[in-house]
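Take a look at the structure below.
In the working numbering, the protein residues as written are 1 to 389.
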């Protein structure tokens, strides 16, 4: 889950970073009030989960109060690279001696986190000539002297080197403490009296949100780029209530066919195949990571709750970390709890892999065919299409 800029800055500020003074608003007249309070030039920045807002016109300089109101009015309610702008961040403009970049992410080849830095920050930092990096141990983090060595490689010296070392080591700690997959400060501005995090990008591992209550609270308090339906909100609560497995990431549609799908990229492939077959899905809903039968049951009952939904298809790629029998147990319980007949409702069940024998036996009690790995995902969709005709 990628945090909005103002959310990321709250995380940074709590971790000891200096950030510009400012506030978030969804109204243009309030943007003027914030700008007046801050005094001097401000920046008005669209709060959307997109990486290059500046190039898309989502970041504007406001020399005065009226300029801030006009900038906010021009951004609010518009779409920025497909995302609706519902909030803007109005913050004091920082005058810098130099812009830097510092980030932490995972190196898939080295199988460890890596600290990255550049002497140039802002847009297009990936193309800067001078980029330095240091892999580090997730159990030890980054010591300040290692971070300073990185700064020396960039050519920093004296107080800027010390400030940079502190910021880089601090960012590495935040990355580890918050189960992040990416933490970036870009730009990290060098001023007369220290470093200021002027923009930030933080992505949290979705699977770790259960042990990050502070991040979950930030996300819950945010205005979403797309209003979630009541069913989507209820599904998210089901997923958040139990950290074991994934069962509750739902996008609702208008069709009669409920989908409970998973297996990495297989869920997207299944959904695309359903659309190509001319079928009308009621939802996109991922499942995986061995959720409990109770969690699967609650989600199944929820997906079947709209009156327009008549059938349910359960399809996953070959699984090794999800028990097929527990999925079957939960799905059947959810169908029954919804007041439906399992044999008439479950039009396909393909979860090949672990504990197939018990899965087949559970489904057999309700005359539901079990589709094993010999039936491809495309063939499952063909069966759905044939049943719909």
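All C-beta atoms, glycine included, are put in the ideal place defined by N, C-alpha and C.
| Query | Result |
| --- | --- |
| Helix, strand or coil at residue 136 according to DSSP, with G and I counted as helix | coil |
| Enclosing alpha helix (DSSP H) for residue 161 [first to last residue] | 158–177 |
| Start and end residues, beta strand (DSSP E) containing residue 357 | Careful: residue 357 lies outside any beta strand (DSSP E), inside the alpha helix (DSSP H) at 356–364. |
| Start-to-end residues for the alpha helix (DSSP H) that takes in residue 270 | 266–276 |
| Enclosing alpha helix (DSSP H) for residue 103 [first to last residue] | Here residue 103 belongs to no alpha helix (DSSP H); instead the beta strand (DSSP E) covers 98–107. |
| Residue 365, buried or exposed, once every other Cβ within 10 Å from all chains shown has been counted against 16 | exposed |
| Inter-residue spacing [alpha-carbon to alpha-carbon] between residue 6 and residue 307 | 40 Å |
| Endpoints, the alpha helix (DSSP H) within which residue 345 is located | 342–345 |
| Coil, strand or helix - residue 6 by DSSP | helix |
| Start and end residues, alpha helix (DSSP H) containing residue 150 | 144–153 |
| Of the listed residues 136, 172, 352, 282, nearest to residue 17 (C-alpha basis) | 172 |
| Secondary structure of residue 390, DSSP reduced to three states | Nothing about residue 390 can be reported from this structure: the residues present for the chain run from 1 to 389 only. |
| Cut-off 7 Å between Cβ atoms - residues of its own chain near residue 266, not counting five sequence neighbours on either side | 316, 317, 377 |
| Cβ pair residue 41, residue 61 closer than 8 Å | yes |
| Residue 172 CB to nearest heavy atom of the ligand COA below 7 Å | With respect to the ligand COA, the structure offers nothing, as it holds no ligand at all. |
| Option nearest residue 72 by Cα separation, candidates 80, 88, 92, 372 | 88 |
| Collapsed DSSP secondary structure at residue 312 in the structure displayed | strand |
| Backbone secondary structure at residue 53 - three-state DSSP | coil |
| Own chain, CB closer than 6 Å to residue 2, minus 5 neighbours either side, in chain order | 49, 203 |
| Residues bridged to residue 24 [DSSP beta-bridge criterion] | 89 |
| Proximity to residue 183 [Cα-Cα], best of 195, 193, 170 | 170 |
| Closest Cα partner of residue 190 within the set 205, 175, 162 | 162 |
| Nearest-angstrom beta carbon gap, residue 287 and residue 327 [assumed within contact, 8 Å] | 7 Å |
| Where residue 259 falls: helix, strand or coil (DSSP) | strand |
| Per-residue burial, residue 95 [other beta carbons within 10 Å of its own, 16 or more giving buried] | exposed |
| Backbone secondary structure at residue 323 - three-state DSSP | strand |
| The segment 328–343 contacting the segment 299–306, beta-carbon criterion three pairs below 8 Å | yes |
| Under the three-state DSSP convention, the category residue 386 falls into | helix |
| Distance, residue 22 Cα to residue 47 Cα | 13 Å |
| Residue 297: first and last residue of the uninterrupted alpha helix (DSSP H) it sits in | 293–303 |
| Nearest-angstrom Cα separation, counted from residue 119 out to residue 199 | 16 Å |
| Beta-carbon proximity check, residue 102 vs residue 168, cutoff 8 Å | yes |
| Same chain only: Cβ atoms within 7 Å of residue 323, ignoring 5 sequence neighbours per side | 290, 354, 355 |
| Residue 233: first and last residue of the uninterrupted alpha helix (DSSP H) it sits in | 230–241 |
| Close Cβ partners of residue 150 (< 7 Å) along its chain, the five nearest in sequence each way excluded | 115, 117, 132, 134, 168 |
| Cβ-based burial, residue 148 [other Cβ within 10 Å; buried from 16] | buried |
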